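Chains as they are written, first to last, in my numbering: chain A, 4 to 453; chain B, 4 to 453.
Working notes for the structure below.
What follows is the structure in structure tokens.
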């Protein structure tokens, strides 16, 4: 057995790392429980050794832990710069992103990523094929396996904590996508598919999987096995292409873990509500419980401009079914690059999804904040309601639109019902009457009225 | 058997009314199927005979039909007027409200309702106790049963199509609410409870149920049996008070139907995801399949300002489980009276919920618009995507933020990924290559590479 490097290797060797101690406190679980989950591959702690020397505060992803949320940021060739991306990072972390992916595909990718990793307390994920393609001048056909290995090593050295690699897209499954309504919608997946078609060769990232493991193990970069053939529409959900790739991802999960690397697995995408639990169950079975990281899923395709909502529904159900991390979708999905306000709206929706999932899974303590807010609501303690709210500024602003004066912060009503129709105010009256003995037993009532 | 007046009575007598014909076309069901569903009480057609003489376009509510959405409008003592309420009505109908409830509790209730009924093509619902209370000067203790009967008759004459009445709140169940975190959160329910406490008598609306049926039957006003003891927080969900009232509602459903009136039943409110299906199943069983009309439910209490989203998750799951109509919640819920933009945001969220539910229930044709939009997306037909979108203006505005020029309406990319990274563009390339025979069989590939 080689000297342990990764969290997985340490866990298997029976040691509890400082990172495991740290996440145990955050999760209110025992360090031994964390070690066990990591050792069995059911939990990952994405913490590049380089980023650990910086500002990273370790966190874990796995169904034994609280459901996590990822926010994607990054520029495109059409818009945004370093300053804009740092602002998005801060917005994302402020609104509770547990990890952030830098998906930049435009200018200055290296500069932007360096700044993001330096500034970030949360793990940073990337999709290395994007920067590699930039360096090849946009011609995916030019890619040689070594280009990709070099880029993974370069980004690992920079401190990237987890990487999406589309190793699971195989040549023999491409024909399964030809009759799809929306084809291949993963950027990485479509690039790899095009390379395979051009060269009539198997996926070089699949072939280089063990070499990639060796690089990632050295820095403890966590795999995020990309789902390059995920459905891009309800019409393509749960089809043969998707599940053919899932089987490959199951094989790669086991191989990656054997080689000491931590592995999580990405999932769709666009799925009607009635197929979500089946999808989560199937991934958990095929990938032996490796953390499942879903991109949504959207439960309808008919509401562009509101896909943070259409996907929040799916994400909630997925989290409830056991997904370990939910990748947010912003209102701009399918329409344009998200800006700061979109990042906020996406995160709010996904914090709601993850939290609702924790409640539905009946995680101990998950409902505490809800109950505290409900008690403040019943007590007409408006300031406490705002304080406990997911987005205090917005809650306060909405309340203050009609009743801005400080005196209304203890008023026993709001403008929704007005003073006479506040049911909670009336309940107070009722309880006072009951306390004075005015709620008599039914038998007594019947005796009176008969 | 008396001469049939209501849709229910006609259906039972075997006749297909013009209203049944009309809704059959809207639902793409046979008139006989509609008649059957109405006859068994599993579907209602809320169509007051007075409103039918006006602009009403009949619709139906029942789990055999498409899932419906209601929007609440109405002023409060604190804010809004007739013009504002008519604007909200138009906004609601524009964004797809299937019914609208006028919950006014402020000034000029009669004028506002008259205008709303005159202007409305969709059924209008009310909660008559509000206006009655206004006429009593706000003192619920003053109410006599005749006050309430008179008000129901007054509103029935005006053309109100369905009415929420809290007949199910019984004296003997009040003690079950005393230890709740948020007590009684239904306005009508709390008013009735206070009346019962003051007079130490049974609910006069329960006692007057048969008389109320006689009035409602004359105009064919549909019952919306109010859930006065619905939970107002996750902490109170699925408790004894809620289910004690549900049993009463089951009894009243049968009684109302026996007396010839159409009946639907309201439901909660605040429920964690894992209890929603159980709640819907239980209502369907207890109320013998009468249409279930849910208020949300919110699946978490921690996000005031975003309760259109927290409740949209619950509403989607409820609709999937068989709820027939979903009462929207706006972003202002718990904070203030909704304005025009809030009405829009609430409706968008609930159209998403109802549509996602129809898809998950695999209703024939439910996914057609999704598939058409996905095909337009894959074809880079941006204008067609906007046209098919739930909210075309918003979708177009988001797209145009970064790429406003008309030439980009047929561009094979958007600003999210930019031209080089558009997976759908790359898929097009792949399909062209495949069409040229460049996707060879795996065996051929293996022969080549070995």
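Cβ atoms here follow ideal geometry from the backbone N, Cα and C, with glycine treated the same way.
Since this is a predicted model, take the numbers as computed values, not measurements.
Which value, in whole angstroms, describes the spacing of the CA atoms of residue 422 of chain A and residue 415 of chain A? 7 Å
Other residues of its chain near residue 137 of chain B: CB distance less than 8 Å, five sequence neighbours each side excluded: 108 and 112
Should residue 180 of chain B be flagged as near chain A, meaning a C-beta pair shorter than 9 Å? yes
Exposed unless 16 or more other CB atoms sit within 10 angstroms - verdict on residue 14 of chain A: buried
Top-ranked residue by Cα proximity to residue 430 of chain A, from B/181, B/148, B/115 and B/65: B/181
Could one say the Cβ of residue 309 of chain B lies closer than 9 Å to chain A's Cβ atoms, at least one of them? yes
At a CB distance below 7 Å, what residues from the stretch 143-168 of chain A approach chain B? Give them in sequence order. none
Give, in chain order, every unbroken run of the beta strand (DSSP E) that is at least 3 residues long and sits entirely within the stretch 178-235 of chain B. 225-228
Note down, one range per segment and in chain order, each alpha helix (DSSP H) of at least 4 residues found wholly within the stretch 299-374 of chain B. 310-324 and 343-363
Check the Cβ-Cβ distances between residue 332 of chain A and every residue of chain B, and say whether any is below 9 Å. no
Of all Cβ atoms in chain B, is any one closer than 9 Å to the Cβ of residue 188 of chain A? yes
Tell me, which residues are paired with residue 76 of chain A by DSSP? A/105
From B/438, B/168, B/42 and B/257, residue whose alpha carbon lies closest to that of residue 231 of chain B: B/168
In terms of DSSP beta bridges, what is residue 6 of chain B paired with? None, per the DSSP bridge assignment.
Mapping the DSSP letters down to three states, classify residue 297 of chain B as helix, strand or coil. strand
Selection from B/289, B/328, B/293 and B/294 that minimises the alpha carbon distance to residue 300 of chain B: B/328
Any C-beta of chain B within less than 7 Å: which residues of the stretch 211-245 of chain A qualify? 236, 237 and 238
Residues of the stretch 428-440 of chain B whose Cβ lies closer than 7 Å to any Cβ of chain A, in chain order: 429, 430, 432, 433, 434, 436 and 437
According to DSSP, simplified to helix, strand and coil, what is residue 20 of chain B? coil
By Cβ distance, which residues of its chain are closer than 6 Å to residue 77 of chain A, with the 5 residues on each side in sequence left out? 105, 106 and 107
Between residue 436 of chain B and the rest of its own chain, which residues show a CB-CB distance below 8 Å, the 5 nearest in sequence each way excluded? 442
Determine the direct distance from the alpha carbon of residue 191 of chain B to that of residue 132 of chain B, and round the result to whole angstroms. 7 Å
contact_flag[the stretch 331-343 of chain A, the stretch 346-353 of chain B] where n(CB pairs < 8 Å) is 3 or more: no
By the criterion of Cβ-Cβ separation under 7 Å, what are the contact partners of residue 340 of chain B in chain A? 405, 418 and 419
Is the beta carbon of residue 161 of chain A less than 9 Å from the beta carbon of residue 218 of chain A? no
Figure out for me which residue from B/37, B/184 and B/42 has the closest Cα to the Cα of residue 62 of chain B. B/37
From this set, A/361, A/264, A/88 and A/372, which residue's C-alpha is nearest residue 165 of chain A's C-alpha? A/264
Three-state secondary structure (DSSP) at residue 93 of chain B? helix
Quick one: give me the first and last residue of the beta strand (DSSP E) that residue 44 of chain B is part of. Premise fails: residue 44 of chain B is in no beta strand (DSSP E) and is neither H nor E.
Alpha helix (DSSP H) containing residue 114 of chain B: first to last residue? 112-122
Assuming residue 269 of chain A is part of the beta strand (DSSP E), what are its boundary residues? 266-270
Just to confirm my understanding: we take residue 144 of chain B, look at its own chain, exclude 5 residues before and 5 after, and list those with CB closer than 7 Å. What are they? 198 and 201
Per DSSP, what kind of secondary structure is residue 36 of chain B in: helix, strand or coil? helix
Taking the alpha-carbon positions, what's the residue 152 of chain A to residue 184 of chain B distance? 58 Å
Under 7 Å Cβ to Cβ from residue 356 of chain B, same chain only, skipping five residues before and after it: list those, please. 315, 318, 319, 322 and 329
Give a yes or no on whether the minimum CB-CB distance between residue 320 of chain B and chain A is below 9 Å. yes
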